[in-house]
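Q: Numbering (the working numbering), first residue to last: 7 to 462.
Don't be surprised by glycine CBs; every beta carbon is placed ideally from N, CA and C.
All figures in this text were calculated on a predicted structure; none of them were measured in a lab.
Handing you this structure, nothing more for now.
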Ligand SMILES: [Zn+2]
């Protein structure tokens with residue numbers, strides 16, 4: 007009987023309670039306020055947590071769950087566990103900083119303002135992790151078998167395949183998609199084809215949208231070449247985990263094909279480089295093409311002239327770079343991080359280019375620049391936007407609705423019920439309609455905290 011609460015799903019089998027994902031609510035304030043509400047059941051009653059992948063909207067509540075009484079195992083793939091360490095410590099650090107800032111400015115309702123969790127809380131919950139390999143048979147409860155299978159979304163991402171074994175003859179399967187990846191993903195394996203699924207819980211982030219991939223490589227080549235012709239800097243704000251590694255991979259590929267000249271590439275994101283090291287380490291979970299390149303002696307995340315800025319001095323030294331270079335820095339929506347220093351320095355010069363390669367949420371500096379604002383506030387001062395502004399889509403790590411339908415088309419039989427989750431209401435409704443129109447499957451969009459009794 008799962009209860010659906012955004013990116014947290016509680017599965018009760020017999021007397022066991024298993025939580026699939028334990029995400030932080032993000033985005034608008036009314037969403038984030040939910041993080042401060044008590045967990046719907048006492049965390050001490052949860053026997054285990056299973057993670058689909060390491061994005062904060064799937065793991066970011068773990069330190070709080072642990073602090074409020076959960077002491078069971080957190081089961082994930084190795085790569086997810088390693089990325090989760092990077093993500094949770096960063097999230098804790100940001101929360102501590104925010105609380106400190108709120109206290110200084112005196113704008114918090116709480117006095118003193120407190121972080122949702124601290125670095126110590128994050129460290130404590132990291133001790134509960136039990137990392138596993140894809141394909142391992144795991145038993146989080148008696149007669150409940152768990153397997154992680156490739157989801158192709160970010161490194162370590164998994165479909166969570168749970169079988170309830172009644173006897174050797176009868177088993178029932180529930181499959182959680184987590185976030186589903188894409189067939190065009192350059193580094194990771196495609197989502198594994200699932201079979202014999204009785205109940206499916208599937209995400210719907212892009213349930214009402216299609217990606218425009220065709221122009222991605224061509225557009226990137228054009229933007230890089232134009233930037234070189236102007237003799238300017240190309241600044242790419244990028245999410246540290248996933249997007250930065252894909253960019254390095256693609257830039258190396260374009261250089262090798264001779265589509266772009268060899269340029270100095272500066273990666274100024276400590277978290278991005280930690281994540282890149284984890285991507286490099288887990289070659290075994292990359293796709294065949296990437297592994298062939300590795301065996302042939304290539305470092306797939308290393309363009310020819312790569313500079314990693316692992317100290318503040320090296321980061322500051324980028325200020326002296328005059329032009330004909332690419333800077334990749336976080337955060338991806340210009341909300342904070344080292345990218346702001348580069349923005350402040352590069353935005354006022356019309357030789358330079360700022361390139362967005364990811365979604366820019368309302369209210370962020372990234373969105374303001376895309377909307378054509380002629381200045382943005384950085385570190386307390388208004389910085390004029392004179393640089394060229396470019397935006398390319400197609401680097402998303404979420405399957406669009408056709409890609410989701412294509413994956414579902416491979417099922418050997420319809421699930422008894424398909425639950426559509428993890429999307430804006432319009433996106434979820436659109437995906438539900440498409441699945442029932444295309445396959446005539448029984449679909450359901452669960453409400454927040456709604457529960458269902460499953461025949462398993
Ligand atoms: Zn994700």
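When you compare the CB positions of residue 162 and residue 54, do they come within less than 8 Å of one another, or not?
A: No, Cβ-Cβ distance for residue 162 and residue 54 is not below 8 Å.
Q: Got a sec: does ligand 1 put a non-hydrogen atom nearer than 7 Å to the Cβ of residue 160?
A: Yes - ligand 1 has a heavy atom lying nearer than 7 Å to the Cβ of residue 160.
Q: Taking only three categories from DSSP, how would you classify residue 14?
A: It is coil, neither helix nor strand.
Q: Answer yes if the stretch 128-144 comes into contact with the stretch 63-72, meaning at least three C-beta pairs across the two stretches below 8 Å, and no otherwise.
A: At 8 Å Cβ cutoff, the stretches touch.
Q: Output the distance between the C-alpha atoms of residue 7 and residue 191, rounded to the nearest integer angstrom.
A: Note that residue 7 scores a pLDDT of 31, beneath 50, so its modelled location is shaky and nothing firm can be said.
Q: Under 8 Å between the Cβ atoms of residue 354 and residue 389?
A: Yes, Cβ-Cβ distance for residue 354 and residue 389 is below 8 Å.
Q: Residue 83 and residue 15: beta carbons closer than 8 Å?
A: No, the Cβ-Cβ distance between residue 83 and residue 15 is not below 8 Å.
Q: With distances taken between CB atoms, is the gap from residue 19 to residue 150 smaller than 8 Å?
A: Yes; because the gap between Cβ atoms is below 8 Å, this pair is in contact.
Q: Quick check on the burial criterion: 16 or more other C-beta atoms within 10 angstroms. Buried or exposed for residue 318?
A: With fewer than 16 other Cβ atoms within 10 Å, it is exposed.
Q: By how many angstroms is the C-alpha of residue 334 removed from the C-alpha of residue 364?
A: For residue 364 and residue 334, the distance between alpha carbons rounds to 13 Å.
Q: Under 7 Å: does the beta carbon of residue 185 sit that close to some heavy atom of ligand 1?
A: Result yes, Cβ under 7 Å from ligand 1.
Q: Tell me whether residue 227 sits in a helix, a strand or coil according to DSSP, three-state version.
A: Of the three classes helix, strand and coil, the one that applies to residue 227 here is helix, per DSSP.
Q: Closer than 8 Å is the cut-off here; do at least three beta carbon pairs connect the stretch 80-99 with the stretch 267-285?
A: Yes, the stretch 80-99 touches the stretch 267-285.
Q: DSSP state of residue 439, grouped into three classes?
A: Three-state DSSP puts residue 439 in a helix.
Q: DSSP three-state call for residue 161: helix, strand or coil?
A: Residue state, collapsed to three classes: coil.
Q: Does the Cβ-Cβ distance between residue 459 and residue 426 come in under 8 Å?
A: Their beta carbons are not under 8 Å apart, which means residue 459 does not touch residue 426 by this criterion.
Q: How about residue 378 and residue 362: do their beta carbons lie closer than 8 Å?
A: No, the pair does not count as a contact, with Cβ atoms beyond the cut-off.
Q: Tell me the residue span of the beta strand (DSSP E) that contains residue 207.
A: It spans 205-209 - the beta strand (DSSP E) in which residue 207 sits, taken as one unbroken run.
Q: Can you determine whether any heavy atom of ligand 1 sits closer than 7 Å to the C-beta of residue 64, and answer yes or no?
A: Residue 64: yes, Cβ under 7 Å from ligand 1.
Q: Could you tell me which uninterrupted beta strand (DSSP E) segments, each at least 3 residues in length, are contained entirely in the stretch 359-441, listed from first to last along the chain?
A: Taking only runs of at least 3 residues, the beta strand (DSSP E) segments lying wholly in the stretch 359-441 are 359-362, 381-384, 387-390, 394-397 and 423-427.
Q: If I measure Cβ to Cβ from residue 255 and keep anything under 7 Å in the same chain, skipping five residues before and after, which residues do I get?
A: Result list for residue 255: 192, 193, 306 and 307, in chain order.
Q: Would you be able to state if there are at least three C-beta pairs under 8 Å between the stretch 262-279 and the stretch 324-344?
A: Yes, since at least three Cβ pairs between the stretch 324-344 and the stretch 262-279 fall closer than 8 Å, the two stretches touch.
Q: Please report how far the alpha carbon of residue 387 lies from the alpha carbon of residue 99, in whole angstroms.
A: If you take the alpha carbons of residue 387 and residue 99, they lie about 25 Å apart.
Q: Please classify residue 12 as buried or exposed, where buried requires at least 16 other C-beta atoms within 10 Å of its C-beta.
A: Note that residue 12 scores 49 on pLDDT, short of 50, meaning its location in the model is unreliable; the coordinates nonetheless yield the value given after this. The residue in question, residue 12, is buried, as its Cβ has 16 or more Cβ neighbours within 10 Å.
Q: Hey, residue 336 and residue 245: beta-carbon distance below 8 Å or not?
A: Yes; because the gap between Cβ atoms is below 8 Å, this pair is in contact.
Q: When the distance is taken between beta carbons, is residue 159 closer than 8 Å to residue 181?
A: Cβ atoms of residue 181 and residue 159: not closer than 8 Å.
Q: Using the C-alpha atoms, what's the distance from residue 406 back to residue 395?
A: Residue 395 and residue 406: Cα-Cα distance of roughly 26 Å.
Q: So does residue 61 have its beta carbon nearer than 7 Å to some heavy atom of ligand 1?
A: At least one heavy atom of ligand 1 is nearer than 7 Å to the Cβ of residue 61, so yes.
Q: With distance defined between alpha-carbon atoms, name the residue in 316, 340, 368 and 347 nearest to residue 326.
A: Ranking 316, 340, 368 and 347 by Cα distance to residue 326 puts 347 first.
Q: Around the Cβ of residue 172, are there at least 16 other Cβ atoms within 10 angstroms (buried) or fewer (exposed)?
A: Exposed, because fewer than 16 other Cβ atoms sit within 10 Å of the Cβ of residue 172.
Q: Drop a sphere of 10 angstroms on the beta-carbon of residue 107, count the other beta-carbons inside from all chains shown, and report buried for 16 or more, exposed for fewer.
A: Exposed, since its Cβ has fewer than 16 Cβ neighbours within 10 Å.
Q: Could you work out which residue in 118, 299, 165 and 78 is closest to residue 136 when comparing CA atoms only?
A: Nearest option by C-alpha distance: 78.
Q: Just how far apart, CA to CA, sit residue 441 and residue 314?
A: Whole-angstrom Cα-Cα distance: 45 Å.
Q: Buried or exposed: which applies to residue 294, given that a residue is buried once 16 or more other Cβ atoms fall within 10 Å of its Cβ?
A: With fewer than 16 Cβ atoms within 10 Å of its Cβ, residue 294 is classed as exposed.
Q: Considering only residues of the same chain and omitting the five flanking positions on each side of residue 1, which have a CB-CB separation below 7 Å?
A: Nothing can be reported for residue 1: it is not among the residues displayed for the chain, which extend from 7 to 462.
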